[in-house]
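Protein chains: 2
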Amino acid sequence: MRATLFGGPGDITVGERPDPRLETPTDAVVRVTLGCVCGSDLWYYRGVNPHALGPIGHEFIGVVEQVGADVTTLRPGDLVVAPFTYCDGTCANCAAGWTGNCLHGGSFGNHGIDGGQGEFVRVPYADATLVKVPGGGHSDTTLKSLLALSDVMCTGHHAAVSAGIEPGATVAVVGDGAVGLCAVIAAKRLGADRIIALSRNPTRQALAREFGATDIVIERGDDVTKLIMDMTGGLGVDAALECVGTGQSMATAFSIARVGSIVGAIGVPHDSVVPIDTVIFRNVGLRGGVAPARRYIPELLDDVLAGRVNPGLVFDYETDLDGIADAYTAMIERRATKSLVRISAGQ
Amino acid sequence: MRATLFGGPGDITVGERPDPRLETPTDAVVRVTLGCVCGSDLWYYRGVNPHALGPIGHEFIGVVEQVGADVTTLRPGDLVVAPFTYCDGTCANCAAGWTGNCLHGGSFGNHGIDGGQGEFVRVPYADATLVKVPGGGHSDTTLKSLLALSDVMCTGHHAAVSAGIEPGATVAVVGDGAVGLCAVIAAKRLGADRIIALSRNPTRQALAREFGATDIVIERGDDVTKLIMDMTGGLGVDAALECVGTGQSMATAFSIARVGSIVGAIGVPHDSVVPIDTVIFRNVGLRGGVAPARRYIPELLDDVLAGRVNPGLVFDYETDLDGIADAYTAMIERRATKSLVRISAGQ
């Protein structure tokens, strides 16, 4: 099969890989229809975070091609959403709902597991990992939103859930990448009344507003803290969502968080430092991390299919497998918020 | 009146202060019966944290001496517990339950407010701040436990509540000071099945067991992590309570916390660093801080009066006002877990 290969920092090509086959009775092989490039892929591309050489990509939807003898909930031809991590569904962490921390799981597109930026993927623990999409004849708009459930929508939702957003809340979203934009959707979905999006990019500002942001602020650093404190009567927001993963974004999130609130953080940390004095002296908590996407997908899927949320709008660039290298550089150069890759036809 | 005076690091004496008087109609003046020395007082004594020169001490119980014209719930002669911070009970933070972060509040025994290690204290917002103790003729044992509600029992409870302890949980308490010991009580009270206390001190180990600890571990650093992971099937504890405030204790708490759990932290931070990779890659949260003691006291008071909890056992040294300097050095030299100071007679 043809698949995107990571050859080291800055080196993304399309090459040949062995066709995946069933290796255990709980496997499925999925033909990837839509894949995409994640912000975390860019950290590998830039050489900031390590990634095994070989297949890459952890977000995809596709059609089940083959199932192992023990797979009971899926059949060839089923349209499925893959969460960005596979999981056995039975370990202590899965049982507690932390499917992204499965004791026997891992991420697609790394450490020898096929990537979502290739034609086929062997999916371990297929029953536990994949979510079947009911119905058929879904529009391209719907399919893009289903693809967003693979990672970014679940990750934005995890920031919102982690921060404990309640109906009527005032929320600030730090970060206007695809995850930050999905966090706006999630905040609105959980009933936030006021959603302040931090963004300097007109395209992303517009999308944030479409997703439910009520306020856009372009300030940064101390200025944004002062502004948001002023906007909230000097108290700060009920929930600050940290959707970047840098020291500055973490500092900003804590600086605008109301006493007793929780910063919901999902950014892969780079130079992040948690301001412990704010934790202790203002009782501002910190929760978040790798999203338990498999746990979240079913409820979000319902909303996508009902047209209540449309996270697929984060894809503002698209190409096919041959264009994968530019799919990366478009995001690096900020020509794209998030790049969609059409791998094969059908649904 | 006579009161303990902080004259700078290492300088604790008893001196004369003006008798406090009502300054606003919402004030009360309380005659202190029992006060004590807090672990945080030792940071001032050591010169590590700043403290205004003058009165000191933020934990006390006593008898109402005078009330302002607008005080409606208290009368002279009432026995009261003072939370370590005063609060107006009406600001946005108080309304949300964060009485320790009152927008118009502050700590006793600092910045010109009388301290609990003196004969009398003017208490601002007396109705909102003080908790009246019902009944009379309380035993000395009960009175000591009421004194513990002023800070350490509420603070240990805050660690436990912040960590989200649920019935049946396995909990580890990092720190065997008075607050850590009270956190053991709190964990048991919230229904923890297994409570692992980290302590190398035989006296404190015995008290931890009396309070409900099921396991005592003496290891530190990597050894304690390995041991507790082994004790919990490789998963870690459902709740780790950080009751010290140092880098090592914070690192230990995070290292033994189960995926998806919350570290409940109340230690005043010194060289604490939050391991952000554990937060993100293991979904271990962090909550805690200055305890909203005023919110917690009523429910804990019920348990003290009913004899269900006995946090006063943390006092293993006592003296009177003239002995205050040794009350500090006894704790510094670890002759005492926590020093009680008998200021005046009666209840």
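So the protein lines, in turn, are chains A and B. Using the UniProt record's numbering, the letters of the first sequence map in sequence onto residues 1 to 347. Using the UniProt record's numbering, the letters of the second sequence map in sequence onto residues 1 to 347. Beta carbons are placed, not taken as given, at the ideal position from N, Cα and C, and that holds for glycine.
Is the beta carbon of residue i sitting closer than 7 Å to the one on residue j?
| i | j | result |
| --- | --- | --- |
| A:S261 | A:A239 | yes |
| A:F315 | A:K132 | no |
| A:D27 | A:M1 | no |
| A:V80 | A:L42 | no |
| B:D78 | B:Y125 | no |
| B:G245 | B:P269 | yes |
| A:R287 | B:G116 | no |
| B:L190 | B:I216 | no |
| B:V237 | B:A253 | no |
| A:M156 | A:A186 | It should be noted that the sequence gives Gly, not Met, for residue 156 of chain A. Cβ atoms of A:G156 and A:A186: closer than 7 Å. |
| A:A148 | A:G312 | yes |
| A:I256 | A:I228 | yes |
| A:C38 | A:E16 | no |
| A:N283 | A:V309 | no |
| B:D176 | B:R204 | yes |
| B:G47 | B:P9 | yes |
| A:L321 | A:M153 | no |
| B:G97 | B:R295 | yes |
| B:A163 | B:L241 | yes |
| B:G307 | B:D271 | no |
Can you list the residues of chain B that residue i reaches, using a CB-CB cut of under 7 Å?
| i | result |
| --- | --- |
| A:W98 | V259, G260, N283 |
| A:P269 | I276, D277, I280 |
| A:A208 | None at all; the shortest Cβ gap to chain B is about 24 Å. |
Mind listing the chain A neighbours of residue i? Cutoff is C-beta to C-beta under 9 Å, in chain order.
| i | result |
| --- | --- |
| B:V290 | I280, F281, R282, N283 |
| B:N101 | V259, G260, F281, R282, N283 |
Apart from the five residues on each side of it in sequence, which residues of its chain come closer than 6 Å, Cβ to Cβ, to residue i?
| i | result |
| --- | --- |
| B:G212 | V184, K188, I195 |
| B:G180 | V173, C243 |
| B:E318 | L340 |
| A:T85 | G100, G105, S107 |
| residue 408 of chain A | Outside the displayed range of chain A (1 to 347) lies residue 408 of chain A, so it cannot be described from this structure. |
| B:T73 | D127 |
| A:L103 | C91, N93 |
Using a cut-off of 7 Å between C-beta atoms, extract the partners of residue i located in chain A.
| i | result |
| --- | --- |
| B:A345 | Under the 7 Å cutoff, chain A gives no residues; its nearest Cβ is about 37 Å from B:A345. |
| B:R294 | Correct list: empty, because the minimum Cβ distance to chain A is about 14 Å. |
| B:A92 | L235 |
Short of 7 Å in beta carbon distance, which residues of its chain neighbour residue i, apart from the five on each side in sequence? Order them along the chain.
| i | result |
| --- | --- |
| B:I12 | T4, F6, Y45, I324, A325, Y328 |
| A:R200 | I218 |
| B:Q66 | L22, A28, V29, P76 |
| A:V32 | F60, G62, G116, G118, E119, F120, V121, I343, S344 |
| B:H51 | F6, Y44, N110 |
Taking residue i as part of the alpha helix (DSSP H), name the residues at either end of that continuous run.
| i | result |
| --- | --- |
| A:I332 | 324–332 |
| A:T141 | 140–148 |
| B:T90 | Premise fails: B:T90 is in no alpha helix (DSSP H) and is neither H nor E. |
| B:D127 | 126–129 |
What residue range is occupied by the uninterrupted beta strand (DSSP E) comprising residue i?
| i | result |
| --- | --- |
| A:L5 | 2–6 |
| residue 358 of chain B | Residue 358 of chain B lies beyond the residue range present for chain B, which begins at 1 and ends at 347; the question has no answer from this structure. |
| A:D151 | No beta strand (DSSP E) holds A:D151; DSSP gives it neither H nor E. |
| A:D114 | Counting along the chain, A:D114 falls outside any beta strand (DSSP E), and DSSP gives it neither H nor E. |
| B:D320 | 317–320 |
| A:V341 | 339–342 |
| B:V121 | 120–123 |
Name the chain B residues that come within less than 9 Å of residue i, Cβ to Cβ?
| i | result |
| --- | --- |
| A:A265 | I276, V279, I280 |
| A:L286 | V274, I276, V279, G285, L286, R287 |
Against residue i, what residues of chain A qualify as contacts under a CB-to-CB distance less than 8 Å, listed in chain order?
| i | result |
| --- | --- |
| B:G272 | Going by the sequence as given, residue 272 of chain B is Ser instead of Gly. Those within 8 Å of B:S272 in chain A are I276. |
| B:A128 | Neighbours of B:A128 on chain A: none; closest Cβ ~17 Å, over 8 Å. |
Can you list, in chain order, the residues of its chain with a C-beta nearer than 8 Å to that of residue i? Leave out the 5 residues immediately preceding and following it.
| i | result |
| --- | --- |
| B:I56 | T4, L5, F6, I12, D41, Y44, G109, N110, G115, Q117 |
| A:I332 | L42, Y45, R46 |
| A:L235 | M229, R258, V259 |
| B:G68 | L22, T24, P25, T26, D27, A28, A126 |
| B:V274 | M250, F254, L286 |
Should residue i be listed as close to the ligand GTP, given that the test is whether its C-beta is under 6 Å from any heavy atom?
| i | result |
| --- | --- |
| A:I185 | Absence of the ligand GTP is noted for the structure shown, with no ligands found whatsoever. |
Going along the chain, which unbroken runs of the alpha helix (DSSP H) with 4 or more residues stay wholly within the segment 253–307 of chain B? 276–282, 293–305
Whole alpha helix (DSSP H) elements within the segment 13–84 of chain A, 4-residue minimum: The DSSP assignment places 39–45 as complete runs of the alpha helix (DSSP H) inside the segment 13–84 of chain A, in order along the chain (cut-off: 4 residues).
Pick out the complete beta strand (DSSP E) segments inside the segment 154–228 of chain B, 3 residues or longer, and give them in chain order. 170–174, 194–198, 215–217
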